[in-house]
Structures are given as structure tokens and as C-alpha cells.
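The listed protein sequences correspond, in order, to chains A and B.
Numbering-wise, this note's numbering comes out as the position in the first sequence, counting from 1, plus 323.
Numbering-wise, this note's numbering comes out as the position in the second sequence, counting from 1, plus 323.
Below: the structure, in C-alpha cells.
Number of protein chains: 2
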Amino acid sequence: MSQRNAGTSVQVADPDTCRVREVLDRVAGKWSVQILVAASRGPIRFTELERGIEGISRRMLTLTLRNLERDGLVTRTVYPTVPPKVEYGLTPVALELHETLRRLTDWAERNRGYVARARAAYDAEHQPELLDA
Amino acid sequence: MSQRNAGTSVQVADPDTCRVREVLDRVAGKWSVQILVAASRGPIRFTELERGIEGISRRMLTLTLRNLERDGLVTRTVYPTVPPKVEYGLTPVALELHETLRRLTDWAERNRGYVARARAAYDAEHQPELLDA
DNA sequence: CTGGATCCCAAGCGATACTG
DNA sequence: CAGTATCGCTTGGGATCCAG
Chain A
324 MSQRNAGTSV QVADPDTCRV REVLDRVAGK WSVQILVAAS RGPIRFTELE
374 RGIEGISRRM LTLTLRNLER DGLVTRTVYP TVPPKVEYGL TPVALELHET
424 LRRLTDWAER NRGYVARARA AYDAEHQPEL LDA
Chain B
324 MSQRNAGTSV QVADPDTCRV REVLDRVAGK WSVQILVAAS RGPIRFTELE
374 RGIEGISRRM LTLTLRNLER DGLVTRTVYP TVPPKVEYGL TPVALELHET
424 LRRLTDWAER NRGYVARARA AYDAEHQPEL LDA
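Dropping the structure here:
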């Protein structure tokens with residue numbers, strides 16, 4: 324998905340692995356998941372998201388929101404008031420995904436230490452001299 | 324993770340959302356999941372992976388494999404025979420993740436049509452003229 | 001308040017060629 | 001067989017400024 328056919332034919336493997344990539348692409352963005360999580364607690368406004376996520380740029384918030392909306396995962400409600408007001412929420416489909424993401428997070432929590440140790444061990448094993456350049 | 328502090332301080336939100344990103348980064352690569360899936364069916368050789376995934380470059384296979392190994396998700400066994408032989412497998416931790424990924428895939432399967440229709444509708448609604456440039 | 005437009009750097013990834 | 005090295009295109013994403 325990240326690249327539109329580099330000229331010469333590029334077989335896309337079997338349909339099975341394709342589906343896997345599709346779902347991940349939908350959530351692969353740097354901010355998608357955090358937005359999904361933040362919006363799962365009910366309707367939330369643009370600025371609330373912006374401040375709640377802290378570190379996200381206005382640009383990326385907008386872009387990610389648009390993509391999620393495009394995929395039917397996020398709802399966007401505009402109140403044509405004098406200072407514009409927009410509320411975002413999750414669609415039922417996105418709520419299902421949210422539950423799934425929680426399982427992923429669980430895995431991360433459980434194995435966070437393991438992975439960190441694995442990394443440290445691997446790095447120590449391979450390039451100990453590059454650490455203090 | 325994809326960028327090392329753009330100069331001015333960048334707060335990293337609360338630890339909660341950080342963990343989410345961490346796990347996703349571990350799987351976000353274009354090929355990580357397919358490798359994880361392929362390797363979950365028992366020890367598999369480099370060339371088998373290369374041909375089984377079809378579309379992956381040798382370079383990316385190596386890189387992704389290294390990263391997964393570094394994170395303690397993939398095991399690498401070298402047989403110092405005359406033609407080198409290397410077998411890859413999953414660690415128990417990775418096997419847990421594989422189960423989780425299956426759930427994600429399930430979600431994708433169920434809602435694949437929904438998302439596709441949502442996209443089409445959104446695109447038709449917003450820029451119908453840019454479709455046949 | 002909620003974005004859109006532009007600029008630009010850095011990371012991701014592919015192509016290709018070389019090697020123990 | 002199983003990589004490593006180099007190159008360059010493409011994309012992601014931050015900064016900044018403009019606008020309804």
C-alpha cells in the first residue's frame with residue numbers, strides 16, 4: 324500500500340497475507356491507535372484530541388482523522404456554530420477493533436520487559452562499541 | 324520511534340499511549356506480520372521465506388528478520404554446513420502475538436467489505452473529478 | 001475553533017550488485 | 001545459501017503560515 328507498483332509487475336503474494344497487511348495499514352499510522360482509543364470514550368472535540376494526545380501535530384491529527392473517517396471508523400459531526408465545533412466518535416466497527424487493540428496492548432504490557440531485555444542483550448552482543456560515540 | 328526528536332522538545336504523551344505505539348511499531352513494518360505468520364508453522368529457511376512471501380526483497384527480509392530477532396520474537400539457528408543453512412522460528416512470546424494477530428485478521432475479514440464501501444463512498448463524495456486524470 | 005497548503009527532512013523500502 | 005553495501009525514489013510526518 325505504501326507504494327504504487329514500481330514499474331515492473333509486483334506479485335502481491337497470496338490473498339491471505341494481503342488481508343493481513345490491509346488491516347495493519349489501517350492502523351499502522353503513528354497516531355491512529357491513540358486517536359481510536361481517545362475517541363472510544365465518547366464524542367470528543369478536535370482540540371480535546373489535540374491536547375489529549377500531546378505530541379501530535381495539528382496536521383497529523385487532521386490527516387489521520389480524515390483517513391479513519393474515510394475508512395468508516397470515525398464519525399465526524401460538524402456543528403455550524405459561530406466558533407466551529409466538530410465532534411469525533413467511533414463507528415460500531417471501530418469499536419470492535421478497539422476491543423481487539425486492547426488485546427494487543429495486553430500482549431505489549433505482559434512482554435514489555437521481555438522485549439526490552441531481548442533488545443539490550445542483542446545490542447550488547449553485536450555492537451557494544453557504537454554505544455558511546 | 325520513526326523520528327528522533329525534531330530539535331525542540333516533544334513530549335511523548337502519557338505512558339499508556341506510549342505502550343500502544345511500542346507494540347505497533349514492533350509489527351508495523353511492511354513485512355513483519357507476514358514473516359511472523361510464515362515462521363509460525365515451524366522452522367523455516369531464509370530462501371523458503373523469500374519465496375513464500377513473494378514480493379519481498381532480500382534486503383527487507385534480512386532487515387525485518389534482524390529486527391524481529393533483536394526483539395526476541397524470532398529465533399535464528401545457523402548450521403555451519405558447506406552451503407550455509409539458517410532456520411528461523413518463533414519464540415513463545417511471538418507465538419502469543421501470532422494468536423493476537425489472528426484476531427486482528429478476523430476483524431479485517433469481517434469488515435473488509437464495510438471499509439471498502441466506506442472508502443468508495445467517501446471518495447465519491449469528495450473528489451469525483453480526480454479519479455480519471 | 002477547525003482545519004487546509006506548503007516546505008522539508010528523515011525513515012522505509014526496492015533495485016541492484018557484491019561476498020563468504 | 002544467506003546475506004551485506006550502496007543508491008535513490010517514495011512516503012510519513014513535523015513546522016509554519018494561511019483561512020473560513
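C-beta atoms are modelled at their ideal positions from N, C-alpha and C, and glycine is treated no differently.
Got a sec, what are the start and stop residues for the beta strand (DSSP E) glycine 412 of chain A sits in?
408-413
For isoleucine 367 of chain A, which residues does DSSP report across the bridge?
A:Tyr411
Could you confirm whether any beta carbon from chain B is found closer than 8 Å to the beta carbon of arginine 393 of chain A?
yes
Got a sec: is the Cβ-Cβ distance from alanine 447 of chain B to anything in chain A below 8 Å?
no
Between tyrosine 411 of chain B and chain A, is there a C-beta pair that is closer than 8 Å?
no
Contact list for glutamate 432 of chain A against chain B, beta-carbon separation under 7 Å:
Arg342
Beta bridge counterpart(s) of threonine 400 of chain A as assigned by DSSP:
A:Glu410
Between arginine 426 of chain A and chain B, is there a C-beta pair that is closer than 8 Å?
yes
Can you tell me where the alpha helix (DSSP H) with glutamine 357 of chain B in it begins and where it stops?
355-362
Expressed to the nearest angstrom, what Euclidean distance is found between the alpha-carbon atoms of arginine 393 of chain B and alanine 441 of chain A?
6 Å
Taking the beta carbon of leucine 420 of chain A as the centre, do at least 16 other beta carbons fall within 10 Å, making it buried, or is it exposed?
buried
Taking 7 Å as the cut-off, is the C-beta of alanine 444 of chain B nearer than that to any heavy atom in the ligand MG?
This structure lacks the ligand MG, and indeed carries no ligand of any kind.
Contacts of leucine 420 of chain A in chain B (Cβ-Cβ under 7 Å):
Trp430
Taking its Cβ as the centre, do 16 or more other Cβ atoms sit within 10 Å of glycine 365 of chain B, making it buried, or is it exposed?
exposed
Just the Cα atoms here: how many angstroms apart are threonine 370 of chain A and valine 343 of chain B?
22 Å
Cβ-Cβ distance between tyrosine 411 of chain A and valine 401 of chain A below 8 Å
no
Could you have a look at glycine 436 of chain A and say whether DSSP puts it in helix, strand or coil?
helix
Nearest to glycine 378 of chain A (by Cα), restricted to the options A:Gly436, A:Lys408, A:Gln357:
A:Gln357
State the DSSP-derived secondary structure class of arginine 442 of chain B, mapped to helix, strand or coil.
helix
Glutamate 392 of chain A, enclosing alpha helix (DSSP H) - first and last residue:
381-393
Give the DSSP-derived three-state secondary structure of glutamate 377 of chain A in the structure shown.
coil
Which chain A residues are close to glutamate 345 of chain B, counting only those with a beta carbon under 9 Å from its beta carbon?
Ala431, Arg435, Val438
To the nearest angstrom, how far is the alpha carbon of lysine 353 of chain B from that of threonine 404 of chain A?
43 Å
Leaving aside the five residues before and after arginine 368 of chain B along the sequence, list all residues of the same chain whose C-beta is less than 7 Å from its C-beta, in chain order.
Lys408, Val409, Glu410
Please classify arginine 399 of chain B: is it buried, with 16 or more other beta-carbons within 10 angstroms of its beta-carbon, or exposed?
exposed
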